[in-house]
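Peer 1: Here it is, the structure in full.
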Amino acid sequence: MSKSDKQAELFIQRLSKLNAIEVVGVAKMLGVEVIEGEKLEGEHREFHDVLGEMIENFCGLGRRQRRNLLKIMDKAGKE
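The sequence shown: position 29 = 1510 (this note's numbering), numbered continuously.
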């Protein structure tokens, strides 16, 4: 298992400890849209689609950005 695979696994573990609004915040930080179309009229995307895109975008971050995001998620999950 590569280091980026381990970080992706850690990302999923920490994501699972967050509440819904925090998950939406992480999605926004990663540039992932949770609602398709207009915000008031748009439809919610399937969670597995959003999660897949979040993992893909997380893996596309630089090493330092991934590490900083994991630290933020860790702190948010402990509160």
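Beta carbons are placed, not taken as given, at the ideal position from N, Cα and C, and that holds for glycine. Nothing here was measured: the structure is a model prediction, and the numbers come from that model.
1. Taking the C-alpha atoms as reference points, what is the distance between E1517 and K1498?
2. List the residues that DSSP assigns as beta-bridge partners of E1560.
3. Are there 16 or more other CB atoms within 10 angstroms of the CB of R1544, so buried, or fewer, so exposed?
4. By the 10 Å Cβ neighbour count, where 16 or more other Cβ atoms means buried, how is A1508 classified, buried or exposed?
5. What residue does the alpha helix (DSSP H) around G1506 start on, and which one ends it?
Peer 2: In this structure, then:
1. C-alpha of E1517 to C-alpha of K1498: approximately 25 Å in a straight line.
2. In the DSSP assignment, no residue is bridged to E1560.
3. Classification of R1544: exposed, given that the 10 Å Cβ count is below 16.
4. With 16 or more other Cβ atoms within 10 Å, it is buried.
5. First-last of the alpha helix (DSSP H) with G1506: A1501 to M1510.
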